[in-house]
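2 protein chains.
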Amino acid sequence: MTPARILFVEDDVNLGFVIRDTLENVPFRVTHCTTGPEAWEAFQAGSFDVCLLDVMLPQSDGFTLARQIRSVNTLIPILFLSALANKEDRLQGLRLGADDYLTKPFSIEELILKINVFLRRTVIQQPQLPTTDFALHRQNLTLTINSQVQHLTHREVAVLAYLLDRPNTLVRRDELLRAVWGDDDYFMGRSLDVFISRLRKRLTQIPAIRIDNVHGVGFILRR
Amino acid sequence: MTPARILFVEDDVNLGFVIRDTLENVPFRVTHCTTGPEAWEAFQAGSFDVCLLDVMLPQSDGFTLARQIRSVNTLIPILFLSALANKEDRLQGLRLGADDYLTKPFSIEELILKINVFLRRTVIQQPQLPTTDFALHRQNLTLTINSQVQHLTHREVAVLAYLLDRPNTLVRRDELLRAVWGDDDYFMGRSLDVFISRLRKRLTQIPAIRIDNVHGVGFILRR
DNA sequence: TAACGTTTGTTAACGAGTTGTTAATGGAGC
DNA sequence: GCTCCATTAACAACTCGTTAACAAACGTTA
């Protein structure tokens, strides 16, 4: 069997090297990143079986990264590594959809055992047959679908990003309005409807992703 | 969805009661044992989705029990609860095939989150014969029966949820009306009948669940 | 049992409110 | 001026709780 692929994010260079080295001897195939954005790039570019995220990272923290990863992959095991034994942080990590939360110092053997727990339990990733490629580039304000690039406006990105971060979840109108517009009144509500309409038009090329309305409550982005 | 079934082994009566009570409120269906042999009996007799084992037990310890369980079931998630923060014990538990090892004191919320991690990752046991899957998702306003998703309205969810929370119990018309409509008069009563009718239609695909009328009094959801 | 009033089942129709969609408006930046 | 884009307007389409209407079931009384 080919070794499992691990996305390992740890900004402490020394600790990172030691862990990486040990994991590679198991053997696992390890991709080591030191910042959130770098890891997010790597995650999108590559294909992994497990994510190992340090919570404290320069630029964007591990929780943000986990949320990004979960928004596109609800299945991959995510294990947090943290220097914080803080209970609230542990809970937050788990609530975000993490699978475990190891507090430093942990023994490497324990880490390996834990990784194997989740490898054992995870359904093998199907190569996703008709994978229409789909990516919202929030910085560039572009949406790529099947290599076709569309240019969005800020508001469009804001609304779509908010929904994409919460796939298959009912997002209430007022929640969405407050998040994107900062407040909600009748006209903002109508504005929102206009944007939903525009986004739907943009998404018509991928039937796998759609925005459903729940009458009187809000919207669900399904994917 | 019917609640997951948990085999919970803990010899401390007070702590055991508290945890059991909390878990049942999630809800999970909890079978609480206080000794290893008793738990082994229960495991063989029943059918469970998760095992929660205290390490320190009278007669035979949690490790022995875990080994017994693993010998007949390699799939079921086993979580250890232990007063020992001892690293060697943690490792031993994991080596035995446990999935996690929580050291006391742990927060109950963390325990629940961890249980859900493994429920999510475990292939569903197909125990009972024609187990039609059935789930009312109150947030998303959806009802899933045999993988078929139906979209309900608020009122439908409110009525069905109220009945589902009191299965096999006579729910009086005025009680239901007051709970869902806030008040009861003649027309609300007729409205209720309309909703019962609609819900029955939605439930036709699952004969195991039905709503019976008790003339002049109210309804009983049987399952 | 027959008759009758009450309760319940079921379907359809109504109407207030919500959402979908397109176009017009107007402000900001150039 | 022009361009871009969020907002507002306008109207069409839809949703869904309620009400109406009638049929069926029930329970009581004679």
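In order, the protein sequence lines correspond to chains A and B.
The opening residue of the first sequence carries number 1 in the working numbering; numbering runs sequentially from there.
The opening residue of the second sequence carries number 1 in the working numbering; numbering runs sequentially from there.
Cβ coordinates follow ideal geometry from the N, Cα and C atoms, glycine included.
Interface flag for Thr64(B) against chain A is unset, since no Cβ pair is found closer than 9 Å. Residue range Tyr186 to Leu203 is occupied by the alpha helix (DSSP H) that includes Gly189(A). Under the three-state reduction of DSSP output, Ala135(B) falls in the strand class. Sequence-distant Cβ neighbours of Arg29(A) in its own chain, meaning closer than 6 Å and more than five residues away, are Pro3 and Arg5. Contact of Asp99(B) with chain A is assigned, a C-beta pair being separated by under 9 Å. Judged by DSSP in its simplified three-state form, Leu15(A) adopts helix. Proximity of chain A to Leu113(B) at the Cβ level (cut-off 8 Å) is accounted for by Leu91, Leu94 and Arg95, in chain order. For Pro77(A), the nearest CB of chain B lies under 9 Å from its own CB, placing it at the interface with that chain. Of the residues assessed, Gln59(A) falls on the exposed side of the cut-off, its CB having fewer than 16 other CB atoms within 10 angstroms.
With respect to Ile220(A), Phe134(A) sits apart: the two C-beta atoms are not nearer than 9 Å. If one requires a minimum length of 4 residues, the alpha helix (DSSP H) runs lying completely within the stretch 1-87 of chain A are 13-24, 36-45 and 62-72, in chain order. Counting every other CB atom within 10 Å of its CB across the protein chains shown gives Asp165(B) a total below 16, marking it as exposed. Residue contact check for Glu38(B) against chain A: no CB pair falls below 9 Å. Per DSSP, reduced to three states, the secondary structure at Phe219(A) is strand. Every unbroken stretch of the alpha helix (DSSP H) spanning 4 or more residues and falling wholly within the stretch 139-189 of chain B is given here in chain order: 154-164 and 173-180. For Leu102(B), the enclosing beta strand (DSSP E) stretches over residues Asp100 to Thr103. Ranked by how close their Cα comes to the Cα of Asn86(B), the residues Lys104(B), Ile69(B), Ala39(B) and Leu96(B) have Lys104(B) in first place.
The beta carbon of Phe43(A) sits closer than 7 Å to the beta carbons of Leu7 and Ile69 from its chain, once the five residues preceding and following it are set aside; these are given in chain order. For the 9 Å CB-CB criterion, Leu91(B) and Leu53(B) do not form a contact. The beta carbon of Glu175(B) is closer than 8 Å to those of Gly218 in its chain, skipping five residues each way along the sequence. The Cβ atoms of Leu23(B) and Ile112(B) sit closer than 9 Å to each other.
Residue-level contact check: Ser82(A) does not touch chain B, since none of the beta carbons of chain B fall below 9 Å from its beta carbon. Sequence-distant Cβ neighbours of Cys33(A) in its own chain, meaning closer than 6 Å and more than five residues away, are Val9, Ala39 and Ala42. Under the Cβ distance rule, Leu141(B) counts among the residues neighbouring chain A, one pair being separated by less than 9 Å. If you look at Ile112(A), you'll find it in the alpha helix (DSSP H) that goes Ile108 to Arg121. If you draw a straight line from the Cα of Ala83(A) to the Cα of Ile196(A), it is about 42 Å long. Inter-residue distance for Gly182(A) and Val171(B) is about 43 Å (C-alpha atoms, whole angstroms).
The Cβ of Val117(B) sits closer than 9 Å to at least one Cβ of chain A. Checking the DSSP bridge columns, you'll see Asp89(A) has no partner listed. Proximity to Ser107(B) across Asp61(A), Leu94(A), Thr144(A) and Phe63(A) peaks at Leu94(A), based on C-alpha coordinates. In the DSSP assignment, Ile206(B) falls outside any beta strand (DSSP E) and carries neither an H nor an E.
A Cβ-Cβ contact shorter than 9 Å links His154(B) with Gly216(A). Look at Glu110(B): its C-beta is under 9 Å from a C-beta on chain A. Nearest in C-alpha terms to Asp12(B), of all of Asp49(B), Pro27(B), Met56(B) and Thr31(B), is Met56(B).
Under the Cβ criterion of 9 Å, Arg121(B) is counted among the residues facing chain A.
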